[in-house]
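Under full-length UniProt numbering, the first residue of the sequence shown is numbered 1, with each subsequent residue one higher. C-beta: ideal position from N, C-alpha, C; glycine also.
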Amino acid sequence: MKVNKYILRAGLFTGLALSGVACKDYLDVAPQGELTPDYLSSDPKSAEGIVTAIYNKMLDWNIHSFSWIGITSIASDDADKGSDPGDSGSDKNELDGFTFSATSGSFNDIWQGNYQGIARANQALTYLPTLTIDEASKNRLIGEATFLRAYFYFNLVRTFGGVPLITTVPNPTNEADLQAGRTRTTAEAIYAQIEADLNTAVTNLPEKGSIATGRATKGAAQALLAKVSMYQKKWDKVLELTNAVITGGKYSLVDDYSTIWREVGENNAESIFEVQAQGTTPNKGINNYSATQGVRGQWGWGFNTPSADLEKAYEPGDKRKAATIMYPGEVLWDGQQVLATAPNPRYNKKAYVSRVAETYNGNDEQTNKNMRILRFAEVLLMHAEASNELGQSGNALISLNKVRVRAGLQAAQAGSQSDLRLKIWNERRVELAMEHDRMFDLRRQGRAATVLRALGLPYVSPKHDLFPIPQTQIDLSGGQLKQNPGY
């Protein structure tokens with residue numbers, strides 16, 4: 001495996017180095033040096049490389065690491081800041097206590113990281129249609145690039161609401177292009193672009209099994225589009241898309257929930273899309289993802305610890321609790337023992353990397369831990385939620401109970417629509433715990449204020465229904481980017 005750099009010269013992003021660091025074998029691309037548009041047109045491997053560069057952005061610190069953990073988990077009722085009381089983690093204490101502001105650093109990280117990913121996707125989508133490579137490969141690469149751009153915009157719109165919409169490579173001499181980067185587009189327009197990109201991806205991408213493991217597939221595009229539709233309460237569309245994934249026969253629940261987040265569970269039958277990491281030198285993992293959450297004083301920094309409230313959310317006998325939460329003194333599945341004197345009462349087991357039973361190169365910052373983005377269990381739960389909202393409680397229970405039975409629980413029984421809704425929501429919580437959905441789920445469900453204020457947090461609606469636009473970005477726009485209400 002080799003480290004590759006792809007430098008594409010185009011408009012505002014002249015000289016932008018798009019790292020081609022390999023992620024698993026499917027990203028093993030021979031180094032080609034500096035790639036010009038003319039060279040790309042005659043070199044299919046290099047065309048593949050400009051899409052590889054988009055995937056590689058997903059490993060960076062400002063996409064899926066400390067800041068993402070902060071806004072998706074620590075800010076929710078599923079996790080506490082953790083670590084030592086005096087270690088703020090930059091602003092994780094502010095996220096934990098809802099005292100954050102527009103100058104809190106995590107928000108600028110998320111903004112920058114996702115727009116950097118969008119920039120890479122826009123560059124790829126500028127060049128790919130002009131290439132002379134075979135049409136099937138070209139269409140697939142366009143599908144992958146649009147899928148990834150949609151994912152980045154989905155992160156942004158869930159975090160901030162309306163944001164600047166940029167779908168081309170900006171020309172630094174074109175004032176309209178520059179103005180687009182200083183102007184917020186409505187959330188509705190962002191969602192429309194996400195849907196358009198994912199519809200392109202659904203059309204262009206092959207099914208799982210006919211493409212290298214780890215790349216986006218038709219099923220991944222359908223599942224993400226279902227999730228995007230769920231956030232907009234487009235229940236008919238959610239039902240249509242989840243039905244397509246369920247009946248397609250490409251995915252299934254694995255028997256043992258506890259293996260999903262281990263190395264042996266990577267890209268398994270349940271996996272629809274995950275960020276591919278490779279912890280072998282010189283390749284890279286998700287920057288400090290496991291280290292930030294590892295047991296403090298033993299394997300990491302000790303942040304993002306499962307909360308007592310999450311612990312209480314599990315029913316007696318739920319196998320997922322032991323697969324999600326680890327405790328001081330516990331002997332883990334690989335024989336390693338958590339320090340009995342560890343300073344926090346609970347730690348995130350899903351972020352754990354075994355030093356003795358999994359690939360480990362001695363570098364805690366760059367481990368082999370993949371991040372699961374979309375799983376078949378979530379598709380079943382989206383199907384259950386959509387079915388219930390459309391008055392199809394029988395179908396909702398079938399999908400819901402597939403997830404529950406796998407967890408060792410009794411099947412849920414029929415009740416009112418509102419009762420079943422709450423059951424499905426709680427099932428999402430415990431099934432997807434610590435998987436970076438909880439904060440966004442509470443908001444889309446319209447109950448973030450109720451749930452978080454009951455825990456003593458000063459959540460104010462509508463202010464906290466969105467995070468603040470980073471002050472750094474407002475300043476860079478000369479004040480043209482407008483702040484969210486209340487900040």
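Quiz item: For the 8 Å Cβ check, are there 3 or more pairs between the stretch 288-298 and the stretch 345-355?
Solution: In this structure the stretch 288-298 lies against the stretch 345-355, because at least three pairs of beta carbons, one per stretch, are closer than 8 Å.
Self-check item: Cβ neighbour criterion (16 or more within 10 Å) applied to V228
Solution: By the neighbour-count rule (16 or more Cβ atoms within 10 Å), V228 is buried.
Practice problem: Figure out for me which residue from E435, S83 and P462 has the closest Cα to the Cα of I447. | Solution: One point to set straight first is that residue 447 is Arg, not Ile, in the sequence displayed. The shortest C-alpha to C-alpha distance from R447 to any of E435, S83 and P462 is the one to P462.
Practice problem: Output the boundary residues of the alpha helix (DSSP H) element that contains residue 543. | Solution: The chain is shown only over 1 to 487; residue 543 falls outside these bounds and no answer can be derived.
Quiz prompt | Identity of the residue in I398, G479 and Y327 nearest G302 by Cα | solution = Minimum Cα distance to G302 is reached at Y327.
Quiz item: Rounded to the nearest angstrom, how far is the Cβ of I71 from that of I110, given a contact under 8 Å?
Solution: The distance from the Cβ of I71 to that of I110 is about 6 Å, consistent with a contact at the 8 Å cut-off.
Quiz item: Grouping DSSP H, G and I as helix and E and B as strand, with all else coil, what is I474?
Solution: Secondary structure at I474: helix, using DSSP grouped into helix, strand and coil.
Quiz prompt | Cβ separation of Y257 and A407, assumed to be a contact under 8 Å, to the nearest whole Å | solution = That belief holds up - the Cβ atoms of Y257 and A407 are roughly 6 Å apart, short of 8 Å.
Exercise. Please check the pair R346 and P306, which I expect to be a contact at CB under 8 Å, by giving their CB distance rounded to whole angstroms.
Key: Contact annotation, R346 with P306: C-beta distance approximately 5 Å; criterion of less than 8 Å satisfied.
Practice problem: Rounded to whole angstroms, what's the CA-CA distance from V403 to L380? Just pull it up for me. | Solution: Rounded to the nearest angstrom, the gap between the Cα atoms of V403 and L380 is 7 Å.
Quiz item: Going by the beta-carbon positions, is the gap between A145 and V51 smaller than 8 Å?
Solution: Their beta carbons are under 8 Å apart, which means A145 touches V51 by this criterion.
Exercise. Please determine, among T99, F273, I260 and W261, the residue with the shortest C-alpha to C-alpha distance to K250.
Key: Of the candidates T99, F273, I260 and W261, the one whose C-alpha sits nearest the C-alpha of K250 is F273.
Practice problem: Quick one: using the 10 Å Cβ neighbour count with 16 as the cut-off for buried, is L420 buried or exposed? | Solution: With 16 or more other Cβ atoms within 10 Å, it is buried.
Exercise. Note down the Cα distance separating G219 from L374, rounded to an integer number of angstroms.
Key: Note on geometry: alpha-carbon atoms of G219 and L374 lie some 10 Å from one another.
Self-check item: Whole-angstrom distance between L156 and S176, CA atom to CA atom
Solution: The residue you asked about is not Ser; residue 176 is Ala in the sequence shown. Using only the alpha carbons, I get a separation of about 22 Å.
Practice problem: For the alpha helix (DSSP H) containing P44, list its first residue and its last residue. | Solution: P44 to K57 is the extent of the alpha helix (DSSP H) around P44.
Quiz prompt | Simplified DSSP state of V356, which is helix, strand or coil | solution = Here V356 sits in coil by DSSP.
Quiz item: Can you list, in chain order, the residues of its chain whose CB lies under 7 Å from that of G300, leaving out five sequence neighbours each side?
Solution: Cβ neighbours of G300 beyond the five flanking positions: S290, A291, T292, Q293, G294 and D364.
Quiz item: Whose C-alpha, out of F440, R182 and M434, is nearest the C-alpha of G79?
Solution: Residue identity differs from the one stated: residue 79 is Ala in this sequence, not Gly. The shortest C-alpha to C-alpha distance from A79 to any of F440, R182 and M434 is the one to M434.
Quiz item: Would you call the CB atoms of I474 and F160 closer than 8 Å?
Solution: No, the Cβ-Cβ distance between I474 and F160 is not below 8 Å.
Quiz item: Looking only at C-alpha atoms, which of E48, I63 and D43 sits nearest to M371?
Solution: Nearest option by C-alpha distance: I63.
Quiz item: Leaving out five residues before and five after S120 in sequence, what residues of the same chain have Cβ atoms less than 7 Å from its Cβ?
Solution: The amino acid at residue 120 is misidentified as Ser; the sequence shows Arg. For R120, where only same-chain residues beyond five positions count, the Cβ hits under 7 Å are L18, A53, I54 and K57.
Quiz item: Taking the alpha helix (DSSP H) that T203 falls in, what are its first and last residues?
Solution: Where T203 is concerned, the enclosing alpha helix (DSSP H) stretches over A187 to N204.
Quiz item: When DSSP labels each residue in this structure, what does M371 get in the three-state scheme?
Solution: Strand, per DSSP.
Quiz prompt | Length of the line joining the Cα atoms of T103 and F467 | solution = Here the alpha carbon of T103 sits roughly 11 Å from the alpha carbon of F467.
Practice problem: Look up M382 in the DSSP assignment and say whether it is helix, strand or coil. | Solution: Helix.
Practice problem: Please work out which residues of its chain come closer than 8 Å, Cβ to Cβ, to T185, disregarding the five sequence neighbours upstream and downstream, and give them in chain order. | Solution: Answer for T185: G162, V163, P164 and L165, listed in chain order.
Quiz prompt | Close beta carbons around N114, own chain, < 6 Å, minus the five adjacent residues each side | solution = Leaving aside the five residues that flank N114 on each side, the residues in its chain whose CB is nearer than 6 Å to its CB run, in chain order, F152, N155 and L156.
Quiz item: So, does the CB of M382 fall closer than 8 Å to a CB anywhere in chain B?
Solution: In summary, chain B is missing from the structure at hand, where a single protein chain is found.
Exercise. Return the CA-CA distance between L390 and V238, expressed in angstroms with no decimal places.
Key: A direct Cα-to-Cα measurement between L390 and V238 gives close to 11 Å.
Exercise. Could you tell me which of K45, F100, K92 and S76 sits nearest to Y487, measuring between CA atoms?
Key: Y487 has its Cα closest to that of F100, out of K45, F100, K92 and S76.
Self-check item: N-terminal and C-terminal residue of the alpha helix (DSSP H) that D177 is part of
Solution: Per DSSP, the unbroken alpha helix (DSSP H) holding D177 starts and ends at E175 to A180.
Exercise. Would you mind stating whether L198 and E48 have Cβ atoms separated by less than 8 Å?
Key: No, the pair does not count as a contact, with Cβ atoms beyond the cut-off.
Self-check item: Bridge partners - D80, DSSP secondary structure assignment
Solution: D80 pairs with T305.
Quiz item: Measuring CB to CB, does residue 528 end up less than 8 Å from Y231?
Solution: Shown here, the chain extends from 1 to 487; a query on residue 528 therefore has no answer.
Quiz item: Which one of D437, S477 and A386 has the shortest CA to CA distance from A180?
Solution: When each option's Cα is compared against that of A180, the closest is S477.
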